[in-house]
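Numbering (my numbering), first residue to last: 30 to 131.
Every residue, glycine too, gets a C-beta built ideally from N, C-alpha and C.
This structure is a prediction, so every number in the text was calculated from the model and none was measured.
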């Protein structure tokens with residue numbers, strides 16, 4: 030499968046390429062994760078690895094932090110840090126899995 034990232038119209042060429050790449054990453058991530066069960070999202074491929082669910086939470090946490098800093102012009106507050114920081118640094122909470130979050 031050949032994929033060519035083209036700049037999106039309405040943006041400068043560099044921003045257009047970035048937005049196009051972000052759209053592609055979002056699309057392929059959603060396609061890959063679609064339909065996975067909680068057990069599949071929680072599965073650890075090795076004792077030192079991360080589950081798919083942990084990696085998806087990491088992506089979301091980085092995005093939240095980026096949006097707060099860029100669009101709101103501030104650093105995440107204490108409550109936001111408590112909620113999202115463990116997922117940014119991929120800290121493993123004892124036996125926490127997605128089934129525990131639901």
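* Under three-state DSSP, which class holds residue 119? -> It is coil, neither helix nor strand.
* With distances taken from CA atoms, which of 90, 97, 99 and 100 is nearest residue 119? -> 90
* Could you have a look at residue 77 and say whether DSSP puts it in helix, strand or coil? => coil
* CA-CA distance, residue 51 and residue 105? -> Approximately 23 angstroms, taken between the alpha carbons.
* Report the option in 99, 101, 100 and 79 whose CA atom is closest to the CA atom of residue 117. => Taking the Cα of residue 117 as reference, the smallest distance to any Cα among 99, 101, 100 and 79 is reached at 79.
* Return the chain-ordered ranges of every alpha helix (DSSP H) run that is complete within the segment 60-104 and spans a minimum of 4 residues. => 67-71 and 81-100
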